[in-house]
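Student: Sequence lines, in order, name chains V and G.
According to the working numbering, the first sequence is numbered sequentially starting from 2.
According to the working numbering, the second sequence is numbered sequentially starting from 157.
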Amino acid sequence: MKEGARMIARRNRMIPALFILPSLLFLGIFIYIPLVQNFYNSFFDFSVFSPTKEYVGFSAFEQLFADKVVMTAFINNVKYAIISVIFQVAFALVLATILEDKLFRRIAPMLRVIYFIPVMISISVIALLFNFVYNPQMGLLNSFLELIGLGNLTVPWLGNATTSIYAVIAMSQWQSIGFITMLFIVAIQKIPKELYEAANIDGAGKIRQFFSITVPQVKEALFVNMLITITGSMLVFNEPYILTNGGPGTSSMTLSVYMYQQGFFKDNMGYASAVATLIFVVTAIFALIQIKVSGTGKDE
Amino acid sequence: MKKTLCFSILLLLLSTFLAACNSGGGEQSANADGKVEIDFFHRWPNEPRKSFYDDKVKEYMEQNPDVHINVDYVLNDAYKEKVRVLVSSDELPDIFTAWSDSFAKNLVSSERIMPLNEVIQEDEEWSSKIIDSQFGGFTFDETTYGVPFTVDGKAFFYNKAVFEENNIEVPTTYDELLAALDKLQKAGYEQPLVEGLTNTWAISHYLGTIFERVVDPAVLDKDYNEETAEFTDPGYIQGLEMFEELTGYMGDVSTAIDHEAARNMFAAGEVPVLYMQFAEIKMVEEAGDVEFGFFDFPAIEGAAGDPTALTGAPEGWMVSKNAPEETIDFLKFLTSEETAAEFTKTDGQLNAIEGAVTEENVNPASLEAYELITNASSTAPWFDNAVNINVADIFMRGGQSLATGQTTPEEILKEVQQEIANKK
Chain V
2 MKEGARMIAR RNRMIPALFI LPSLLFLGIF IYIPLVQNFY NSFFDFSVFS PTKEYVGFSA
62 FEQLFADKVV MTAFINNVKY AIISVIFQVA FALVLATILE DKLFRRIAPM LRVIYFIPVM
122 ISISVIALLF NFVYNPQMGL LNSFLELIGL GNLTVPWLGN ATTSIYAVIA MSQWQSIGFI
182 TMLFIVAIQK IPKELYEAAN IDGAGKIRQF FSITVPQVKE ALFVNMLITI TGSMLVFNEP
242 YILTNGGPGT SSMTLSVYMY QQGFFKDNMG YASAVATLIF VVTAIFALIQ IKVSGTGKDE
Chain G
157 MKKTLCFSIL LLLLSTFLAA CNSGGGEQSA NADGKVEIDF FHRWPNEPRK SFYDDKVKEY
217 MEQNPDVHIN VDYVLNDAYK EKVRVLVSSD ELPDIFTAWS DSFAKNLVSS ERIMPLNEVI
277 QEDEEWSSKI IDSQFGGFTF DETTYGVPFT VDGKAFFYNK AVFEENNIEV PTTYDELLAA
337 LDKLQKAGYE QPLVEGLTNT WAISHYLGTI FERVVDPAVL DKDYNEETAE FTDPGYIQGL
397 EMFEELTGYM GDVSTAIDHE AARNMFAAGE VPVLYMQFAE IKMVEEAGDV EFGFFDFPAI
457 EGAAGDPTAL TGAPEGWMVS KNAPEETIDF LKFLTSEETA AEFTKTDGQL NAIEGAVTEE
517 NVNPASLEAY ELITNASSTA PWFDNAVNIN VADIFMRGGQ SLATGQTTPE EILKEVQQEI
577 ANKK
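Okay, structure coming up:
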């Protein structure tokens, strides 16, 4: 009797391990092993053509810190992150609050769909679309500016070294704001209605309610969305790659695009691995800081 | 209720997008039973070449029922990247298109490309028809790894009517070219010259030709060779300055458009001068009805370079080392006189097969260009194929930055020298 119970207890202990085994295996094969391999590769100099790798130690990393393009790319990523946090996190929260407001109850579902549609469109299609918007000769944006009498503000948005990165960032905001808004809507719907009712009775206005109830109540979602947005900004690839390919010059280069170009366009696989390692370190640091600051995972 | 509706709308939208994505894929046929399979990879998902090669593949399979050919294709820049990845694996297609010179050399260095010397010697009847001079870009250490097919060159094309209207002679020197552009600008053309500078290869074509003109050929030979490259000649600075000068005539739009848009502007008569490949003649004719002529990139007075060298390199076919022997037969089919003549008739691009370019299948302008190509004293490969890609990239991106005023010729050259020093 006693023996049997112990057997069952031991088997029970094994079962959870079996359940997590497949995902552990997948994570290991597709994430952790490549990660380690990438780190290992960054100590070698090789191209896709060459069957042999030449050990070069830390020279790829030395080159990395002397590379002006890496600096430009990093600054662009930071710009991406800052603007994305402002629009996708701060503005999306405001948007979500408005959509959840009683005033908009009737049309909110429709607006939610409208804001969410860009998220579902393939990024290549969107990039193509925005190429037309930014086109210097017949683009919507320049035509619109001329129409309202601001013709002197028209520039070739993607062809100008100072505006290109902002033009790329703007497209991202248009695409992603719906997604973050959706996440905030879910979080806001979970806030107990009583809080708002009590605030109403106390005479708190909409703005006061937003800062005193909504913001603290969605704190958790706020940090998660911030994490998604910032790491996403550090990894951004599709948008600049399709719209400008990092150009003109290197003005709209991001770290991922630079990594890709080093690896597959210029055949410096080792150096590309070093850039990839840099991206990993940067995103890991941001993620750690945010997790530490927010205390995500702990119940309040 | 509303939420269900909302959700179903989302689902509906999503499914249409997915469906659209699905139908966009390639048309790879399934494994044919018992047949020899040949993987054929080219870079023309655009018309007319896609249909041309689809038809040719069908025709070949009808003639040879025991062969099945799988066709795959992606466009230019993506093709370059994909081939680079494929050549490092065992997935290399059996027969595929390749540029000459450094592009070919890189592929050859993978040791997965079939040497074709024997094939060429064995079948004189076929190989003697291919213009000899065009093999150069595919031959390394006396071994030929590719069969040239299309030939090309680059020249300034000009709108004849506009030149006549403004009494402009066809320029024969660089200064005359600048004078002509100035005159056109005064006549109201805000950008008398245009180029799609988002395509970095377009910049490399400009720079390549300019360097041919200003730098001593011996110095160029030395710098284009990876082992002896230095890029210290002052001619490069002069060349970059000239390019900067030319971008001054291109207006603001050039940095934001691609070459195709630039070509369409020329074809629509909006822009009177365009530096363009002979391969594009037919496209200009189809896009608009301007009457145009062309002139070689003019000589530069007092410069050490070759004043008449023609920039342009052939593109051809390469065969994988592991390809089935039927592939060679297919290669001969693709480069036969018949196929070539039909190709030029459909596409307009000139080819390296003797007797396949005649008055019957090309217009007089192309025929004139053809004679220029086949008779040119020396031909220089495209700059981005001629030098190491890391060096080419600095020049090309530098060219973009020059056009937007973000850098100087000296800085670009310094970066190039730094890159070379790093590699050594």
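Just so you know, even glycine gets a beta-carbon here, dropped at the ideal spot from N, CA and C.
Predicted model only: the values in this text are computed from it and were never measured.
Below 6 Å CB to CB, which residues in the same chain sit around G/Y380 once its five sequence neighbours on both sides are set aside?
Tutor: These residues qualify, in order along the chain: A542, V543.
Student: I'd like the ranges of any beta strand (DSSP E) spanning at least 3 consecutive residues and lying wholly in the segment 431-484 of chain G.
Tutor: 448-451, 471-475
Student: Once DSSP output is grouped into helix, strand and coil, what is the label at G/G554?
Tutor: helix
Student: Which residues bound the beta strand (DSSP E) around V/V156?
Tutor: Unbroken run through V/V156: none, as it is neither H nor E.
Student: Contact check, G/R369 vs G/A311 under 8 Å by CB: the rounded distance?
Tutor: That belief does not hold up - the Cβ atoms of G/R369 and G/A311 are roughly 13 Å apart, past 8 Å.
Student: Does V/N42 come within less than 8 Å of chain G when only Cβ atoms are used?
Tutor: no
Student: So V/Y81 packs on V/T255, CB below 8 Å; how close in whole Å?
Tutor: Here V/Y81 really is in contact with V/T255; their C-beta atoms are around 7 Å apart, less than 8 Å.
Student: What residue range is occupied by the uninterrupted alpha helix (DSSP H) comprising G/Q390?
Tutor: The amino acid occupying residue 390 of chain G in the given sequence is Pro; Gln does not appear at that position. Counting along the chain, G/P390 sits inside the alpha helix (DSSP H) bounded by residues 390-403.
Student: Between the alpha carbons of V/P217 and V/V90, how many angstroms are there, rounded?
Tutor: 14 Å
Student: Going by C-alpha distance, which of V/I186, V/A200, V/E240, V/E63 is nearest V/I166?
Tutor: V/E240
Student: Considering only residues of the same chain and omitting the five flanking positions on each side of G/G352, which have a CB-CB separation below 6 Å?
Tutor: For G/G352, where only same-chain residues beyond five positions count, the Cβ hits under 6 Å are A358, I413, D414, H415, A417, A418.
Student: Does chain G have any CB closer than 8 Å to the CB of V/N161?
Tutor: yes
Student: Taking the runs of the alpha helix (DSSP H) that are 4 residues or longer, which of them lie wholly in the segment 73-158 of chain V?
Tutor: Annotation note: the segment 73-158 of chain V contains the following uninterrupted alpha helix (DSSP H) runs of length 4 or greater, listed N- to C-terminal: 93-101, 109-121, 124-135, 141-148.
Student: Cβ atoms of V/I108 and V/P119: under 8 Å apart, would you say?
Tutor: no
Student: Could you tell me which of V/P193, V/D203, V/F185, V/I192 sits nearest to V/M227, measuring between CA atoms?
Tutor: V/F185
Student: According to DSSP, is G/Y209 part of a helix, a strand, or is it coil?
Tutor: helix
Student: Is the beta carbon of G/E493 less than 8 Å from the beta carbon of G/G511?
Tutor: yes
Student: With 16 as the cutoff for other CB atoms within 10 Å, does V/I30 come out buried or exposed?
Tutor: exposed
Student: Alpha carbon to alpha carbon, how far is V/M270 from V/G264?
Tutor: 5 Å
Student: Tell me which residues of the segment 532-554 of chain G have at least one Cβ-Cβ distance to chain V shorter than 8 Å, keeping chain order.
Tutor: Within the segment 532-554 of chain G, the residues whose Cβ lies closer than 8 Å to some Cβ of chain V are I545, N546, D549, R553, G554, listed in chain order.
Student: Could you pull out every residue in the same chain whose Cβ sits closer than 7 Å to the Cβ of G/G364, ignoring the five residues on either side in sequence?
Tutor: Within the same chain, Cβ atoms closer than 7 Å to the Cβ of G/G364 are found at T467, A536, W538, F539, A542, the five residues on either side in sequence being excluded.
Student: Tell me the rounded alpha-carbon separation between G/L248 and G/S258.
Tutor: 19 Å
Student: Check whether the segment 512-522 of chain G and the segment 436-454 of chain G touch, using three or more Cβ-Cβ pairs below 8 Å as the test.
Tutor: The segment 512-522 of chain G is in contact with the segment 436-454 of chain G.
Student: For a contact meaning CB atoms closer than 8 Å, what does G/R199 contact in chain V?
Tutor: The contacting residues do not exist; G/R199 stays about 16 Å from chain V at best.
Student: Listing by chain order, which chain G residues have their CB less than 9 Å from the CB of V/S252?
Tutor: Result: Q556, S557, T560, Q562.
Student: When the Cα atoms are used, what is the spatial distance from V/G206 to V/S85?
Tutor: 28 Å
Student: Just checking my contact of G/A317 with G/E447 at CB under 8 Å: how many whole Å lie between their CB atoms?
Tutor: 6 Å
Student: Between V/F266 and chain G, is there a C-beta pair that is closer than 8 Å?
Tutor: yes
Student: Could you tell me whether the Cβ of V/P193 comes closer than 8 Å to any Cβ of chain G?
Tutor: Cβ-Cβ to chain G under 8 Å: no for V/P193.
Student: Under the rule that 16 or more other beta-carbon atoms within 10 Å means buried, what is G/D195, buried or exposed?
Tutor: buried
Student: Pull up the DSSP beta-bridge partners for G/G302, would you.
Tutor: Per DSSP, the beta bridge partners of G/G302 are G/M474.
Student: Would the segment 197-205 of chain G and the segment 216-234 of chain G be scored as touching if the rule is three or more Cβ pairs under 8 Å?
Tutor: yes
Student: Bridge partners for V/I243 per DSSP, in chain order?
Tutor: BP columns for V/I243 are empty, so no partner.
Student: Under 8 Å between C-beta atoms, does V/T138 make it to chain G?
Tutor: The residue asked about is misnamed: residue 138 of chain V is Gln in this sequence, not Thr. Interface residue, yes.
Student: Just the chain G side, please: which residues come within less than 8 Å of V/E64 by C-beta, in chain order?
Tutor: For the record, residue 64 of chain V in the displayed sequence is Gln; it is not Glu. Those within 8 Å of V/Q64 in chain G are N578.
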